[in-house]
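This report concerns only the one structure given below.
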Amino acid sequence: MKPVLSQSAPHIRRGRTTTHIMLDVLIALVPASIAAVWNFGIRAVWLLAVTTLSCAITQWFCLLLRRQGEFDASALVSGVLLALSLPAGTSLWAAALAGAFSIALIKEAFGGIGHNLLNPAMAARGLLLAAFPAALTGYIRPDAVSSATPLSAVDGPVNLDGWLPMFTGFENGSMGETSVLMILVGGVYLYFKGAIRLRMPVTCLGAFSAVIWIFGGSYGWFTGPVVPHLLSGGLMLGAFFMITDFTTKPTTFWGELVFAAGVGILTAVLRLWGPYPEGVCFAILLMNLAAPLLEYLTRARVYGMKNLLGGIRPLKRAH
Amino acid sequence: MNTTLKSLLNLLLVAAVSAALLWGADTVTRSVIAGQESDRIKADFAPILAAETYTALPTAGHESVTAAYRAEDRDGTLLGYAVTATVKGYGGPLTVYVALSPDGERFLGLRVGSHQETEGYGARVTEEAFYRQFDSLAAPASVGGYTGLEDNSSASSSGSGTSAANWKDGTYRAEENSYNQGYRSFVELTVRDGKITAVNWDADKEGADVTKKQESQAGHYVMTEDGLLWHQQAAAMEQALMEAQDPAKLIFNQDTGKTDAYAGVSVDVSAFVSLSAQALEKAAGTGDGLMDSAGSAGTVDAVSGATVSSKAVVKAANSAYTFVQALLKENR
Chain A
46 MKPVLSQSAP HIRRGRTTTH IMLDVLIALV PASIAAVWNF GIRAVWLLAV TTLSCAITQW
106 FCLLLRRQGE FDASALVSGV LLALSLPAGT SLWAAALAGA FSIALIKEAF GGIGHNLLNP
166 AMAARGLLLA AFPAALTGYI RPDAVSSATP LSAVDGPVNL DGWLPMFTGF ENGSMGETSV
226 LMILVGGVYL YFKGAIRLRM PVTCLGAFSA VIWIFGGSYG WFTGPVVPHL LSGGLMLGAF
286 FMITDFTTKP TTFWGELVFA AGVGILTAVL RLWGPYPEGV CFAILLMNLA APLLEYLTRA
346 RVYGMKNLLG GIRPLKRAH
Chain B
2 MNTTLKSLLN LLLVAAVSAA LLWGADTVTR SVIAGQESDR IKADFAPILA AETYTALPTA
62 GHESVTAAYR AEDRDGTLLG YAVTATVKGY GGPLTVYVAL SPDGERFLGL RVGSHQETEG
122 YGARVTEEAF YRQFDSLAAP ASVGGYTGLE DNSSASSSGS GTSAANWKDG TYRAEENSYN
182 QGYRSFVELT VRDGKITAVN WDADKEGADV TKKQESQAGH YVMTEDGLLW HQQAAAMEQA
242 LMEAQDPAKL IFNQDTGKTD AYAGVSVDVS AFVSLSAQAL EKAAGTGDGL MDSAGSAGTV
302 DAVSGATVSS KAVVKAANSA YTFVQALLKE NR
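See the structure below:
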């Protein structure tokens, strides 16, 4: 018999807790972290340590103040994700500040895990990008020579044959963004653990690729350099680890798809026409804000009511 | 069915479909780009070559040459070689489209593509009068004795011999006539077997038994907090001259004496260049001749007020020539 997946209550309780899932996510981030340390050395270790510690301490402090909730690994996940989304040369005090900001203001102030509106790691990166852009420009090459990231060079004709180093990760970029291979390994692990479904990353990357291919080329329509764009920047990390965050995405099937596609399209649009070379961060934050609306519009329809995408519309009152 | 197995199949399916889509899009895109690229090449070379097909040639290992093509007409007859060369102009990169005859000994013509030269000065190298000089010009070209070729001996093999061959072994010194801001620059050159094997650029300090290099090495002559020290910059220029083997080939701004062609060098290098030239004149045993060593090169008049840009165009033309020569030699 086909198992029925129910999205509304009642649910069966299992021994699998939030902490288990968060530990799975942490395990899934290990390959990307190793790649970061391999590429950037001791700087990567420091950055990972500072953000993770900052997030954990802030959470512990907030829980103390709020006198409720329990410590789970979610703050650690936010810390690691934040570190991986930053350039290795980010100043450590800025990273620590961002970590504390993400937990205190983005997560705990909204009611802790499960209640936050924005992805904490992305919100923290957004804060740094907006408030301390200089702290973020420390892109270091694995061989410690600073240069433009491939994404800032991806304008114009792109050599499609040079994609392999971008895939394996010896390229310039933020810490965890450089090795697509390692992010995919983590993503596949999460998939087998049942922590994510493939439909969100696939929809996101698909929508992204479509926009880049159609509009991103320097030779007219349908000539965009899809592969280099897919392999660069924080897109992969976002598609597998950020948009799949349970709290900040819609829970419904169509909601998830629209959400993921929205992130992909916005990222492509911001990359092609935006002022920053990368757009993943803002794309995710914008779609985070749209998530409650998407969920509202796509909630399972109540039997007997017609509406757009199955969402709920108030009944016409009988007079 | 086993859940893990199902997940695995699911994953493989997604991966396969994605790979197929990417491959498909890539193939389509490549063909579209190739089509537009060939239209663009035709348009770039249209004023100097009436070819129907352009077959790309490998350009790896040739500095300045960014693209090269065999140009053939409709019947497959070789019309010549079309070469795109990008060199450093006065204001930035300067792209030149060069057409060479099938035997590679003659320019068919050239056109300047994208450039950042100064309007009214350097930008006048895009005028018809300048272009016309290259129509059917014997290669390599030279402007005021300058060819921009890396290796003079091979470039003008059929020529009268370069000035380098006239240098007699020995060490030659040239110095400034007077002290300038407390220093008097000098250059010492050592020539062995027609090559510059050692260079020393230094300056005597007025009223002291110490040179600028010694002061700089001791940390007493500091120009800026960061950047290379004077003796390091001098060493960089000495190295550059030994590589170029010709002070005329050192790239610097004639007006300011500054250069950005050599990493870290921020001092005025004009004295170094002129003193080196004087020292080499001594080596050649003549007072002139150094700058007029064009050999069999086809001579071109520089656009007045645009010496640097004219030289850049000539350098580009000659890199195209060198490229085609190397290609023909390989195929022979």
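Chains as they are written, first to last, in this note's numbering: chain A, 46 to 364; chain B, 2 to 333. We put the CB at the ideal spot given by N, CA and C, even for glycine.
Item	Value
Minimum Cβ-Cβ distance from A/Val314 to chain B less than 8 angstroms	no
Spatial neighbours of A/Phe304 in its chain, beta-carbon cut-off 8 angstroms, leaving aside the 5 residues before and after	Met245, Ile288, Lys294, Pro295, Met332, Ala335, Ala336 and Leu339
Closer than 8 angstroms to chain A by CB, B/Asn3	no
Entirely enclosed alpha helix (DSSP H) segments - the stretch 260–347 of chain A, minimum 4 residues	271–276, 298–318 and 325–343
Reduced DSSP secondary structure (H/G/I, E/B, other) of A/Thr96	helix
Straight-line gap, A/Pro322 to A/Leu315 (C-alpha atoms, nearest Å)	8 angstroms
Cβ contact (3+ pairs, closer than 8 angstroms) linking the stretch 266–284 of chain A and the stretch 143–154 of chain A	no
For B/Glu176, the first and last residue of its enclosing alpha helix (DSSP H)	It is not in any alpha helix (DSSP H) - B/Glu176 instead sits in the beta strand (DSSP E) that spans Gly171 to Glu176.
Listed by chain order, chain A residues near B/Leu23 by CB distance under 9 angstroms	Ser254, Val271, Val272 and Leu275
First through last residue of the beta strand (DSSP E) which encompasses B/Ser186	Tyr184 to Arg193
Endpoints, the beta strand (DSSP E) within which B/Ser143 is located	Ala142 to Val144
Cβ neighbours of A/Ala139 in the same chain (closer than 8 angstroms, five flanking residues each side left out)	Leu173, Phe177, Ala180 and Leu181
Check whether B/Lys89 and B/Ala262 have beta carbons under 8 angstroms apart	yes
Exposure label - B/Asp194; buried when at least 16 CB within 10 Å	exposed
Local Cβ density within 10 Å of B/Phe187, reported as buried at 16 or more and exposed below that	buried
Pick from B/Ala51, B/Lys312 and B/Leu23 that is closest to A/Ile257, judged by C-alpha positions	B/Leu23
Distance cut-off 7 angstroms: B/Trp202 Cβ against heavy atoms of the ligand SAM	With respect to small molecules bound, the structure shown includes none, and the ligand SAM cannot be examined in it.
Neighbour list for A/Val247 in chain B, Cβ cutoff strictly below 8 angstroms	Val15 and Ser19
Chain A within 8 angstroms of B/Leu12, Cβ atoms only	yes
Cβ-Cβ separation, B/Leu242 to B/Ile197 (assumed contact under 8 angstroms), whole Å	7 angstroms
Local conformation of B/Phe108 per DSSP, three classes	strand
Burial state of A/Phe327, where buried means 16 or more other Cβ atoms lie within 10 Å	buried
Alpha-carbon spacing of A/Val325 relative to B/Leu6, whole angstroms	33 angstroms
Proximity test, Cβ basis, 8 angstroms: A/Val225 and chain B	no
Backbone secondary structure at A/Lys152 - three-state DSSP	helix
Near-chain B residues of the stretch 229–247 of chain A - C-beta to any C-beta below 8 angstroms	Val233, Tyr236, Phe237, Leu243 and Val247
Interface residues of chain B facing A/Tyr264 [CB-CB closer than 7 angstroms]	Val33, Ile34 and Gln37
Nearest-angstrom Cα separation, counted from A/Ser263 out to B/Ala124	27 angstroms
Burial state of B/His221 (16 or more Cβ within 10 Å)	exposed
is_contact[A/Asp200, chain B] using C-beta, thresh 8 angstroms	Because A/Asp200 carries a pLDDT of 41, less than 50, the predicted location of this residue cannot be relied on, and no value is offered for it.
Neighbour list for B/Thr30 in chain A, Cβ cutoff strictly below 9 angstroms	Leu205, Trp258, Gly262, Tyr264, Phe267, Thr268, Gly269, Pro270 and Val271
Option in B/Arg333, B/Thr308 and B/Ala327 with minimal Cα separation from B/Thr148	B/Thr308
Terminal residues of the beta strand (DSSP E) in which A/Thr64 lies	From DSSP, A/Thr64 is part of no beta strand (DSSP E) but of the alpha helix (DSSP H) over Thr63 to Phe85.
Min CB distance B/Asp27 to chain A below 8 angstroms	yes
One or two residues paired with B/Leu79 in a DSSP bridge	B/Glu73
Which of helix, strand or coil DSSP assigns to A/Thr135	coil
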